[in-house]
Amino acid sequence: MTCGACVASITSTLESIPSVKEASISLITETGTVKYTLPLTANQIKEAIEDCGFDCDIVETKDEDVHESTFTVEGMTCGACVSALTTRLEATEGVITANVSLLASTAVIQHGSSVLMQTLAAAISDCGYETRLVVSDKHSRSHTVSPDLFHTEKDLSLKVFGMTCASCTSSVESVVAALAGIKSIAVSLATEEAAIVYDEAVIGARNIVDAIADAGFKATLSSSLDNSAQVSLLLKIKDIQFWKAMCWKLGLMGLPVFFLDNVMHILGLNLNLQLVPGLYLETVVEFVLTTIIQFVLGRKYYMSAYKGLKHGLATMDLLVVISTTISYAFSLFSTAVSWAKQSQTPPMVLFSTSAMLFFFISIGKLLETMAKGETSTVLSQLLSLQPGTCTIVEDAVGYNSQLLTLGENAVQSPRQSLLGNSLIDDVKLGNGEASGNFLGDSSGEAASEIISAPSGPEQPDRMEFSNFRTREIPIGLIQLSDIAIVLPGSKIPADGVVVFGESEVDESLLTGESLPVVKKYGAQLIAGAVNGPHLLHMRVTASGNKTQLNQIVELVKNAQTTKAPVQKYADYIAGRFVPMVLCLAVLTLAYWTWYAYTHDVVAPETMAYMFGVNAPNGRFFSCLRLAISVVVVACPCALGLAAPTAVMVGTGVGAAHGILIKGGSVLEKVQGINTVIFDKTGTLTTGKFQVGNYRFAASLEKLAETDWWYMYGALESSSEHPVGRALMTAAKEHLQMGDDDVFDKCTMKNVETVLGIGIKASVMLHDQAYDVQIGSSRLLDSVRPKLSSDALREIVAHETATRAYMIVNRHYAGYVELIDSVKEDSADVIRYLKASGFRVAMITGDNRKSALRIAHLVGIPAPNVFAEVSPQGKALFISDLQATVGANVAFVGDGINDAPALVTADIGISISSGTDIAVDAADVVLITHGDVLLGIPAALSIARATFNRIRLNFLWAVVYNCVMLPVAMGFFLKWGVTLPPMGAAAAMALSSVSVVISSLLLKKWQPPVIEEGTAKEMEEFKDLEDPISGLRVQAGLWSRLRGAFEKRAKENSYELLTRG
């Protein structure tokens, strides 16, 4: 660049690009900063600058924060509405993607941080829909790691009451900013709102609200849409009420019009009462009633059609408006002609057609809306599980102190403990309605006294709590480490653990487990579960959007609003369906008008009645009715509802059975699955290892066996892997340590976990430094420690169990052998899958002999077992399998190590006991009670049933339109088959209702019955080779694949380091 003209040239060129928001070019520094939105890329900007004749290099690119905003959208009626709104939103500057759901009545929009919520709301309103912001937050584009695991910053929006001037806002800001953990705060006097960013690990929302209250102001959560409002929206309560009222009004006005225009003539009651020459009473009455229907009751249709046309969009409402307006206009014209000519007979009018079109279409909308509401019952039930308020202990610190003092000894004896039945049964509610010692204060305020144990021979005085006050708070203010009181019959307010009491808890809506689960001290509680007959105290471990209930709700929401790929084609067709129908209507009118006035129609009788010279209603009248029927009978709604209704019902039914399917695309991919690969530990097995043999073989003089166990426990104390937890438990048992004791006699540095191999650290114990490594046999292969010939023989003669070897200062120090048990239904599930035509395999990081032992127990043939595979190797193996034989793979895993394989597989299935990372990486999440795998065939079954229902719905929608449009156009008039406009309206309404009802039939789905095999059957089953199944490959495939896999393993230095 040489001058300002160069700068101006580049700036104008860049700013002419639609996706560029701002371009700033500096002549002095010869640099430029460009702000732009997707799908524009940095390389495209570079090319635009180079096209101006300048050289350009990209120095740096920074992603602008992507936000995801969810709006409610009320008033959408069909797939064309969805297509129109999606097009409008994605045309808005700064919007990256827009996902509009007809059934959920929501629009989920990803956009840049500079896009205002008012802009998005205005775009939705311009299309004719009522809207309201539900939530807006930063959106993570990562699909493998949940940001909540590492990100503790949260946004909080509060309504602050009592502020009167600028000094008040300053006071609130200063008070809150002084709190530890506050990142930022902005208070608006005009809106009475405070926007706060805080560190959840340091401070909670309730602490902030209390601090504002202490400053003399009242603060409440500024929630855009609470659970009850979301349930109302999902169940279409407001829409149902609207359409019910509309149907009553239309019936009250429209049925008299229909009676005057049709029924009276059939009954021979022809009044022919003229008010003035050519103007008849019955025509005037029809005109008045129809005018009210057309422009007052029908205003909703007109407004929606107008706003759609304003943006170049055509919806179902446009078809309704066109057909009724033509009928009304024709009738008005016919009435005016009759009056002008002073006709001696009443004119032929279509007032009843217009009135009854509105009536039938509204009835269809009512039935359709009611059916739509039924599709989201499971999600509505999940949302309603969250209680509105909860009761907490005000002095949680004091409570915990007393619990620590009493609990350790008390919990060991049911008769002399906090769990004693006399204490649990004699509980009184805070309102004083039952007998016992849980007393409300006399003032009736929220604060009350917590229970105290009645003294007696079985309840020593030392077991009593003393006057801990409680407080009732909104559920949104509950925070980590709170002590919550769960009364009998109430809902669990958050995830947590039981610290006092014993009861049965109903988790059926969350896990699908029909029987109540007994919860004792230390048991995990899930938010939304219903407590049974006894009182529980719990410590909160997760609240808000981190509870399992909220995660399930979000998964189901996302699944039900994420479109199946096939739905995109339906939306494409629906968006162009209305113009096509209008063209067909015009062609129908033109053809039959030409035919009627150019042919002397005498036969057949139907056509002569309609188009003959002496046609009683007039030839053009008949032609117009045919064109109106074409407009009315066309139904884009059926196409638009075919997939989303099935997805919503199918995913809801799955959720009710503990199966969370992440969207329509997963349903589609499941159809091609022909291979199911299982991880071993924690999936086919319980993952609850028991220590078998162990050998202390340390050659270091100062290393005692107790030190050896201490190292095992210390290194594995932070592990979440089942092997690590088992080693830590075994170490505590051998060292006679309590469950709550920690390994604090040593210090560790440079702790490093090597996935698929083990863990290592520098340990200082008894003033002696050690380099300690613990891991599988792969650790021995990689480190090659010093060992004796006896130890070498012992390692080579490896037993069929999992071993955790220890190496200290590069010397072999022995091993601990761990035995894992097979889940009781693993063999039955494997047998069912193989009988259903799936090829089944197992892949594990464990040693081959241990893997073969488990494989034999569950019935997986030895050639299908791949052992000592690293996490990356699992993903690579699946990729090889997909590329080599074209297999469509479902991988079933549990744990962080499985995340790469879950993502690589066509379908990743995660057991609920897996970590958040595994759940986030999976396509299907199984939430089941206990160690069961029955959810796997059930997940495949409901996915296939749902997609088959989508196909059936599309088939019905296509057949309906392909049959009814020709009928309405008069293709079959020669045989006396015709369709009047009112019949077309009824058919159109029933077509969309029938699609929804078809989807609702999925509620009758039941999980497949898997019978337990006999011992003889199981032995025969285990000896069977895999069926060729859908892969259509010759025998020996797995052997050849194993050979190629092992060769590639050597080349890439991963896994399969030993052979069995």
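Letter by letter, the sequence shown follows residues 1 to 1060 in the UniProt record's numbering.
Beta carbons: idealized from backbone N, C-alpha and C, even for Gly.
Close-in-space but distant-in-sequence residues of the same chain around residue 250 (CB under 7 Å, 5 per side omitted):
Within the sequence shown, numbered from 1, the residue matching residue 250 stands at position 250. A distance below 7 Å between beta-carbons, with the five flanking residues on each side excluded, links residue 250 to the following residues of its chain, in chain order: 293, 297, 358, 359 and 362.
Report the three-state DSSP secondary structure of residue 127 (helix, strand or coil).
Start at 1 with the first residue of the sequence shown, and residue 127 comes out as number 127. In the displayed model, residue 127 falls within coil according to three-state DSSP, outside both helix and strand.
In chain order, what residues of the same chain have a beta carbon less than 6 Å from the beta carbon of residue 536, not counting five sequence neighbours either side?
Position 536 of the sequence shown, counted from the first residue, corresponds to residue 536. Closer than 6 Å at the Cβ level, and outside the excluded window around residue 536, lie 486, 498, 501 and 503.
If we ignore side chains and look at the alpha-carbon of each, how far apart do residue 685 and residue 742 end up?
Your numbering for residue 685 matches position 685 in the sequence shown. Your numbering for residue 742 matches position 742 in the sequence shown. C-alpha separation (whole angstroms): 28 Å.
Where residue 425 falls, given that 16 or more other Cβ within 10 Å makes a residue buried:
Taking the sequence shown and counting its residues from 1, the one referred to as residue 425 is at position 425. In this prediction, residue 425 scores a pLDDT of 36, lower than 50, which makes its location untrustworthy; no coordinate-derived value is stated.
Pairing CB atoms from the segment 391-407 with CB atoms from the segment 573-586, are three or more of them under 8 Å?
Using a C-beta cut-off of 8 Å, the segment 391-407 makes no contact with the segment 573-586, since fewer than three inter-stretch Cβ pairs fall below that distance.
Fully enclosed by the segment 793-866, which beta strand (DSSP E) runs are 3 residues long or longer?
Positions of the beta strand (DSSP E) runs, each at least 3 residues long and wholly inside the segment 793-866, are given as 802-808, 811-819 and 839-843 in order along the chain.
With which residues is residue 732 paired in a DSSP beta bridge?
Numbered from 1 along the sequence shown, position 732 holds the residue referred to as residue 732. Answer is none; residue 732 lacks a bridge partner.
Decide if residue 151 is buried, meaning its Cβ has at least 16 other Cβ atoms within 10 Å, or exposed.
The sequence position of residue 151 within the sequence shown is 151, counting from 1. The predicted model places residue 151 with a pLDDT of 49, which falls under 50 and marks its position as unreliable, so this point remains unresolved.
Can you round the beta-carbon distance between residue 161 and residue 218 to whole angstroms, since I take them to be within the 8 Å contact cut?
Taking the sequence shown and counting its residues from 1, the one referred to as residue 161 is at position 161. Taking the sequence shown and counting its residues from 1, the one referred to as residue 218 is at position 218. Approximately 4 Å separates the beta-carbon atoms of residue 161 and residue 218; this is inside 8 Å, confirming the contact.
Whole angstroms is fine: what's the gap from residue 397's alpha carbon to residue 481's?
Translated into the one-based positions of the sequence shown, residue 397 becomes position 397. Translated into the one-based positions of the sequence shown, residue 481 becomes position 481. The alpha-carbon atoms of residue 397 and residue 481 are separated by roughly 9 Å.
Spatial neighbours of residue 213 within its chain, please: C-beta separation below 8 Å, excluding the five flanking residues on both sides.
By one-based count along the sequence shown, residue 213 stands at place 213. Cβ within range, chain order: 219.
What is the C-beta distance between residue 48 and residue 17, in whole angstroms, given that I count them as a contact (C-beta under 8 Å)?
The count along the sequence shown starts at 1 and reaches residue 48 at position 48. The count along the sequence shown starts at 1 and reaches residue 17 at position 17. Taking the Cβ atoms as the reference, residue 48 lies roughly 6 Å from residue 17, within the contact range of under 8 Å.
Going by CA-CA distance only, name the one from 319, 984 and 341 that's closest to residue 276.
Locating residue 276 in the sequence shown gives position 276, counting from the first residue. Considering only alpha carbons, the answer is 341.
Leaving out five residues before and five after residue 22 in sequence, what residues of the same chain have Cβ atoms less than 6 Å from its Cβ?
On the sequence shown, position 22 is the one that residue 22 refers to. Taken in chain order, the residues that qualify are 35.
Pairwise C-alpha distance: residue 245 and residue 641
For the purposes of this step, residue 641 is identified with residue 641 of the sequence shown, where counting begins at 1. For the purposes of this step, residue 245 is identified with residue 245 of the sequence shown, where counting begins at 1. Between residue 641 and residue 245, the C-alpha separation is close to 24 Å.
Can the beta-carbon of residue 495 be found closer than 8 Å to that of residue 559?
Along the sequence shown, read from residue 1 onward, the residue named residue 495 stands at position 495. Along the sequence shown, read from residue 1 onward, the residue named residue 559 stands at position 559. The answer is no: Cβ separation not under 8 Å.
With 16 other Cβ atoms within 10 Å as the buried cut-off, status of residue 793
Here residue 793 refers to the residue found at position 793 of the sequence shown. Exposed.
Spell out a yes or no on whether the segment 730-749 and the segment 664-684 are touching, meaning 3 or more CB-CB pairs, one atom from each, closer than 8 Å.
Flag = no, the segment 730-749 and the segment 664-684 do not touch.
Between the Cα of residue 704 and the Cα atoms of 568, 86, 672 and 808, which residue gives the shortest distance?
Position 704 of the sequence shown holds residue 704. Among 568, 86, 672 and 808, the Cα nearest to that of residue 704 belongs to 808.
Using 8 Å as the Cβ pair cut-off and three pairs as the minimum, do the segment 945-952 and the segment 961-969 touch?
Result no; under three Cβ-Cβ pairs closer than 8 Å.
Sorted by chain position, which residues of the same chain lie with C-beta nearer than 6 Å to residue 783's C-beta, five sequence neighbours on each side aside?
If you number the sequence shown from 1, residue 783 lands on position 783. If we look at residue 783 and ignore the five residues flanking it on each side, its Cβ neighbours are 807.
Leaving out five residues on either side along the sequence, give the residues of the same chain with a beta carbon under 6 Å from the beta carbon of residue 968.
For the purposes of this step, residue 968 is taken as the residue at position 968 of the sequence shown. Result list for residue 968: 629, 630, 633, 979 and 984, in chain order.
The beta strand (DSSP E) with residue 468 in it runs from where to where?
Taking the sequence shown and counting its residues from 1, one reaches residue 468 at position 468. In the DSSP annotation of this structure, residue 468 is not part of any beta strand (DSSP E), being labelled neither H nor E.
Buried or exposed, going by whether 16 or more other CB atoms sit within 10 Å of the CB of residue 470?
Working through the sequence shown from its first residue, we reach residue 470 at position 470. Residue 470 is buried by the Cβ-count criterion.
Could you name the residues that DSSP lists as bridge partners for residue 111?
Position 111 of the sequence shown, counted from the first residue, corresponds to residue 111. Per DSSP, the beta-bridge partners of residue 111 are 67 and 95.
Can you tell me whether DSSP reads residue 768 as helix, strand or coil?
The residue labelled residue 768 in the question sits at position 768 within the sequence shown. In this structure, residue 768 counts as strand in the three-state DSSP scheme.
Status (buried if at least 16 other CB within 10 Å, exposed otherwise) for residue 431:
Looking up residue 431 in the sequence shown gives position 431. Confidence in residue 431 is poor, its pLDDT being 36 and thus under 50, which makes the residue's placement too unreliable to answer from.
Can you tell me the Cβ-Cβ gap for residue 635 and residue 101, rounded? I've got them flagged as a contact below 8 Å.
As a first step, residue 635 is located in the sequence shown; it is residue number 635 there, counting from the start. As a first step, residue 101 is located in the sequence shown; it is residue number 101 there, counting from the start. Incorrect: roughly 20 Å between the Cβ atoms, too far for contact.
Measure the alpha-carbon distance for residue 52 versus residue 14 and round it to whole angstroms.
For the purposes of this step, residue 52 is taken as the residue at position 52 of the sequence shown. For the purposes of this step, residue 14 is taken as the residue at position 14 of the sequence shown. If you take the alpha carbons of residue 52 and residue 14, they lie about 10 Å apart.
Measure the alpha-carbon distance for residue 236 versus residue 823 and round it to whole angstroms.
Position 236 of the sequence shown, counted from the first residue, corresponds to residue 236. Position 823 of the sequence shown, counted from the first residue, corresponds to residue 823. If you take the alpha carbons of residue 236 and residue 823, they lie about 43 Å apart.
Look up residue 156 in the DSSP assignment and say whether it is helix, strand or coil.
In the sequence shown, residue 156 corresponds to position 156, counting from 1. Strand.
Among 987, 998 and 934, which residue has its Cα nearest to the Cα of residue 1011?
Against the sequence shown, residue 1011 aligns to sequence position 1011. That would be 934, whose Cα lies nearest to the Cα of residue 1011.
Distance, residue 168 Cα to residue 90 Cα
For the purposes of this step, residue 90 is taken as residue 90 along the sequence shown, with counting starting at 1. For the purposes of this step, residue 168 is taken as residue 168 along the sequence shown, with counting starting at 1. Rounded to whole angstroms, residue 90 to residue 168 spans 41 Å at the Cα level.
Taking Cβ positions, are residue 72 and residue 31 nearer each other than 8 Å?
Start at 1 with the first residue of the sequence shown, and residue 72 comes out as number 72. Start at 1 with the first residue of the sequence shown, and residue 31 comes out as number 31. The Cβ atoms of residue 72 and residue 31 do not sit closer than 8 Å to each other.
Taking three-plus beta-carbon pairs below 8 Å as touching, is the segment 863-876 in contact with the segment 893-910?
As far as the Cβ criterion goes, the segment 863-876 touches the segment 893-910, which means the pair count is three or higher.
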